[in-house]
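Asker: Residue numbers (my numbering), protein chains in the order written: chain A, 1 to 356; chain L, 1 to 367.
For glycine and all other residues, C-beta sits at the position ideal for the given N, C-alpha and C.
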């Protein structure tokens, strides 16, 4: 193995911040006044309410019940793991959901500034995700261009539940900028709730909403393939985050079947969707589903080609596992090793740029 | 696809299995075929106004389909009318050559997501009278579906009670895309009536509830919409299981129609994981969700899953259970599955009989 692959990467780590408090000092006077006068503060996304069980492991919560938001805890719980040398952090800040592209993009910009100065500067082992307000993709692309010179940012963050399906041509300025700068497009579970988070409407339970995230991710992957994103941007990589991977085989079987029957409608899709997916899409490993036995998990790993497909993630501080073992014991060590090292470095070209 | 109308050379063989087809679509020749079973007041309403839709067009969806009327090119009856509207031609093209012992009519017409709730009630009742008079009375191999105005569960329950005694009806018909998530208590009177009358619910993919088919709005293409529609029943199963429907109605039998079945194992494993994490939110969900799938839910086979390797399909079915799958053709639609060629895997005669007829016989309580 290449020596540069030696430090493992945790590809999904959260900075649980959803207020404007740390952002204010990165705003100009106009926006500081707006934030203060209008009381613009808490923007916790309804997809990830911090008090719900899956949003923070109980033994990681602070005394007041909130998820841990301190760098020291992250250093201890994430970077302290054996074989983990780097962590890709993201902040699922609710400013993405604002309908005002002005306030939304200003707060996204401030969030990126805050991450760069107060997290990445403070801990050189961290890598960042560029937050954008995607309602105006041209403006989002400008933010990407602005941030791209900081090689510590390795991806652009989008939500699985979005204002419009991510394959839509109007979104393409974001992908053009990402591809130009070797940035990955990360699509994370959760929704900005501009539409109901399920195709049936608003679910009654958080369990139902969370389980539905697997469908949202499939809808996005399908949209990007069918619209021709990967024909237009052949170097673009997408990472699907926190939506599991058990759905991949049946999703691809069906997508290939649909393509065989209906591809005349999308002539720019020249290969089987499964081939496009395998070339362009990677998946962070959490959450592992609850399998009846090791056999079903191991077969699923074979079916999805886990060797190349999966990226190691703890999903800190979300609650995806108990104890210290992020990955079930039955997963073969050579796959775990690839998930931690080789696969992340192959997926995120900018990881190696910093290491160099 | 073309189908020979000549008698099948092997149809006389004693080896040949008869088939129960749980997804056949019957259509009226023209709208008045159906409206003549409505009260005068509603006939007049249909003439003056027609149906109202939760989508852009009066006559259908904004996604031009794969084929006119979604139909196989060869399924247009030679004597005129829509595909699926001519019983004689259906016998000649499908029931006879494919050895259909029993066929269940899945009624995707009329649109039961009608905005005018009183009209929806009248339309459903007419559709039920029409099935009896023009299909099941004339062809005993065909069984009807009790069509219900599902967004008015009290009216639905009344319609079910009115029809349940007639064995010509094999099931209650719903689509997953109700106005609110289908597992909500609002819809429980329908499930209660189904359990009380020991009738399965056929939940056929589709419907138009006015909400986008994805959590991120409307896709651009039919190729996307078609696959996303097939995902909706997964959301419906999550809704029913996490709302405790199968705990409240433990004998309820739900058949998911035209959504495929490849997703079933992983959906169960995922729901089990979420159930484990959020257990305290779900006091009415006593069992791991996959156990309700295994106990209360069956799946129709069409469109048949096309795995990369045949062995994967065998493994998939072994994970779901050979007892959970019911053959469906989707006649006369474009993505029709032929019972002779749909299954490209080796099956024991027991497995084959289970999928082609015996599982349906058991779910529908056919003699």
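What does residue 278/A touch in chain L if you count any residue whose Cβ is under 9 Å from its own?
Answerer: Locating residue 278/A in the first chain gives position 278, where the first residue counts as 1. Those within 9 Å of residue 278/A in chain L number zero; the least Cβ separation is about 11 Å.
Asker: Assess, as a yes-or-no matter, whether the region 272 to 292 of chain L is touched by the region 199 to 208 of chain A under the definition of 3 or more beta carbon pairs within less than 8 Å.
Answerer: In short, these stretches touch, since the Cβ pair count reaches three.
Asker: My guess is that residue 100/L and residue 150/L are in contact by the Cβ rule of under 8 Å, so how many angstroms apart are they, rounded?
Answerer: Numbered from its first residue, the second chain carries residue 100/L at position 100. Numbered from its first residue, the second chain carries residue 150/L at position 150. With a Cβ gap of about 28 Å, residue 100/L and residue 150/L do not count as contacting.
Asker: Using 8 Å as the threshold, is the C-beta distance between residue 182/L and residue 160/L below it?
Answerer: On the second chain, position 182 is the one that residue 182/L refers to. On the second chain, position 160 is the one that residue 160/L refers to. Going by C-beta atoms, residue 182/L is not nearer than 8 Å to residue 160/L.
Asker: One question on the structure: do residue 199/A and residue 259/L come within less than 8 Å of each other, judged by their Cβ atoms?
Answerer: Position 199 of the first chain, counting from 1, holds the residue named residue 199/A. Position 259 of the second chain, counting from 1, holds the residue named residue 259/L. It is not a contact, given that the beta carbons lie outside the stated cut-off.
Asker: Can you tell which of 83/L, 185/L, 171/L has its C-alpha closest to the C-alpha of residue 196/L?
Answerer: Indexing the second chain from 1 puts residue 196/L at position 196. Closest option to residue 196/L, Cα to Cα, is 171/L.
Asker: Tell me whether residue 58/L is buried or exposed, calling it buried when 16 or more other Cβ atoms sit within 10 Å of its Cβ.
Answerer: Your numbering for residue 58/L matches position 58 in the second chain. Exposed is the call here.
Asker: State the CB to CB distance for the pair residue 255/L and residue 298/L, rounded to an integer number of angstroms; the pair is presumed to be in contact (CB under 8 Å).
Answerer: Stepping through the second chain from its first residue, residue 255/L is reached at position 255. Stepping through the second chain from its first residue, residue 298/L is reached at position 298. Confirmed, about 5 Å.
Asker: What is the rounded straight-line gap between the Cα of residue 268/A and the Cα of residue 40/L?
Answerer: By one-based count along the first chain, residue 268/A stands at place 268. By one-based count along the second chain, residue 40/L stands at place 40. In a straight line, the C-alpha of residue 268/A is about 52 Å away from that of residue 40/L.
Asker: Which of helix, strand or coil does DSSP assign to residue 268/L?
Answerer: Position 268 of the second chain holds residue 268/L. Three-state DSSP puts residue 268/L in a helix.
Asker: Mind listing, in chain order, the continuous alpha helix (DSSP H) runs of no fewer than 4 residues lying wholly within the region 319 to 356 of chain L?
Answerer: Segments of the alpha helix (DSSP H) lying fully in the region 319 to 356 of chain L: 349 to 353.
Asker: Quick one, which of 254/A, 201/A, 29/A, 83/A has its alpha-carbon nearest residue 238/L's?
Answerer: Numbered from 1 along the second chain, position 238 holds the residue referred to as residue 238/L. Checked all of 254/A, 201/A, 29/A, 83/A; the closest Cα to residue 238/L is 201/A.
Asker: Residue 330/A: buried (16+ other C-beta within 10 angstroms of its C-beta) or exposed?
Answerer: The count along the first chain starts at 1 and reaches residue 330/A at position 330. With fewer than 16 Cβ atoms within 10 Å of its Cβ, residue 330/A is classed as exposed.
Asker: Classify residue 242/L: buried if its beta carbon has 16 or more other beta carbons within 10 angstroms, exposed otherwise.
Answerer: In the second chain, the residue the question calls residue 242/L occupies position 242. It is buried - the Cβ of residue 242/L has at least 16 other Cβ atoms within 10 Å.
Asker: Residues bridged to residue 147/L by DSSP?
Answerer: Numbered from its first residue, the second chain carries residue 147/L at position 147. Its beta-bridge partners are 173/L.
Asker: Secondary structure at residue 325/A, three-state DSSP: helix, strand or coil?
Answerer: Here residue 325/A is taken as the residue at index 325 of the first chain, counted from 1. Here residue 325/A sits in coil by DSSP.
Asker: For the 8 Å Cβ check, are there 3 or more pairs between the region 69 to 80 of chain A and the region 99 to 114 of chain A?
Answerer: Touching, no.
Asker: Please confirm whether residue 54/A has its beta-carbon closer than 8 Å to some beta-carbon of chain L.
Answerer: By 1-based counting over the first chain, the position of residue 54/A is 54. Answer yes: the Cβ-Cβ gap between residue 54/A and chain L drops below 8 Å somewhere.
Asker: So, helix, strand or coil for residue 11/A, using DSSP?
Answerer: For the purposes of this step, residue 11/A is taken as the residue at position 11 of the first chain. In this structure, residue 11/A counts as strand in the three-state DSSP scheme.
Asker: Please state whether the Cβ-Cβ distance between residue 271/A and residue 233/A is less than 8 Å.
Answerer: Reading the first chain from its first residue, position 271 is the one you call residue 271/A. Reading the first chain from its first residue, position 233 is the one you call residue 233/A. No, the Cβ-Cβ distance between residue 271/A and residue 233/A is not below 8 Å.
Asker: Throw me the rounded Cβ distance for the residue 312/A and residue 8/A pair, which I believe falls under 8 Å.
Answerer: Residue 312/A sits at position 312 when you count from the first residue of the first chain. Residue 8/A sits at position 8 when you count from the first residue of the first chain. The pair is a contact, with the Cβ atoms about 6 Å apart (cut-off 8 Å).
Asker: If we define contact as Cβ-Cβ less than 8 Å, is residue 247/A a contact residue for chain L?
Answerer: Locating residue 247/A in the first chain gives position 247, counting from the first residue. Chain L contact via Cβ: present.
Asker: Compare the beta carbon distance of residue 232/L and residue 205/L with 8 Å and say whether it is the shorter of the two.
Answerer: The residue labelled residue 232/L in the question sits at position 232 within the second chain. The residue labelled residue 205/L in the question sits at position 205 within the second chain. Yes, the pair counts as a contact, with Cβ atoms nearer than the cut-off.
Asker: When the Cα atoms are used, what is the spatial distance from residue 116/L to residue 333/L?
Answerer: Counting from 1 along the second chain, the entry for residue 116/L is found at position 116. Counting from 1 along the second chain, the entry for residue 333/L is found at position 333. Computed Cα separation, rounded: 28 Å.
Asker: Counting only Cβ pairs nearer than 7 Å, list the residues of chain A close to residue 274/L.
Answerer: By one-based count along the second chain, residue 274/L stands at place 274. Result: 207, 210, 211.
Asker: Can you check which of these residues, 352/A, 12/A, 113/A, is closest to residue 28/A by C-alpha distance?
Answerer: Along the first chain, read from residue 1 onward, the residue named residue 28/A stands at position 28. The shortest C-alpha separation from residue 28/A is found at 113/A.
Asker: Residue 313/L by DSSP, collapsed to three states: which one?
Answerer: What you label residue 313/L is simply residue 313 of the second chain in a count that begins at 1. It is helical.
Asker: Would you mind sorting residue 249/L into buried or exposed? The rule is 16 or more other CB atoms within 10 Å of its CB.
Answerer: Position 249 of the second chain, counted from the first residue, corresponds to residue 249/L. Buried is the call here.
Asker: Leaving aside the five residues before and after residue 307/A along the sequence, list all residues of the same chain whose C-beta is less than 7 Å from its C-beta, in chain order.
Answerer: As a first step, residue 307/A must be located in the first chain, where it is residue number 307. Contacts found: 335, 338.
Asker: Look at the alpha carbon of residue 167/A and the alpha carbon of residue 235/A, and state the distance between them as a whole number of angstroms.
Answerer: Within the first chain, the letter at position 167 stands for residue 167/A. Within the first chain, the letter at position 235 stands for residue 235/A. Distance between the alpha carbons of residue 167/A and residue 235/A is about 16 Å.
Asker: Given that residue 138/A touches chain L, what residues does it touch there, using C-beta distances under 9 Å?
Answerer: For the purposes of this step, residue 138/A is identified with residue 138 of the first chain, where counting begins at 1. Neighbours of residue 138/A on chain L: none; closest Cβ ~19 Å, over 9 Å.
Asker: Could you pull the start and end residues of the beta strand (DSSP E) that residue 299/L belongs to?
Answerer: One-based indexing of the second chain puts residue 299/L at position 299. Note, residue 299/L: beta strand (DSSP E), 297 to 300.
Asker: Take the Cβ of residue 309/L as the centre, count every other Cβ of all protein chains shown within 10 Å, and call the residue buried at 16 or more, exposed below.
Answerer: For the purposes of this step, residue 309/L is taken as residue 309 along the second chain, with counting starting at 1. It counts as exposed.
Asker: Which residues in the same chain have their Cβ closer than 7 Å to the Cβ of residue 259/A, if we skip the five residues on either side of it in sequence?
Answerer: Against the first chain, residue 259/A aligns to sequence position 259. 269, 272, 273, listed in sequence order.
Asker: Write down every uninterrupted run of the beta strand (DSSP E) in the region 208 to 264 of chain A whose length is 3 residues or greater and which is fully enclosed by it, in chain order.
Answerer: Entirely contained in the region 208 to 264 of chain A, the beta strand (DSSP E) runs reaching 3 residues are, in chain order, 238 to 241.
Asker: Whole angstroms are fine: how far does the CA of residue 183/A sit from the CA of residue 1/L?
Answerer: Position 1 of the second chain holds residue 1/L. Position 183 of the first chain holds residue 183/A. The predicted model places residue 1/L with a pLDDT of 42, which falls under 50 and marks its position as unreliable; any figure quoted below should be read in that light. Approximately 46 Å, taken between the alpha carbons.
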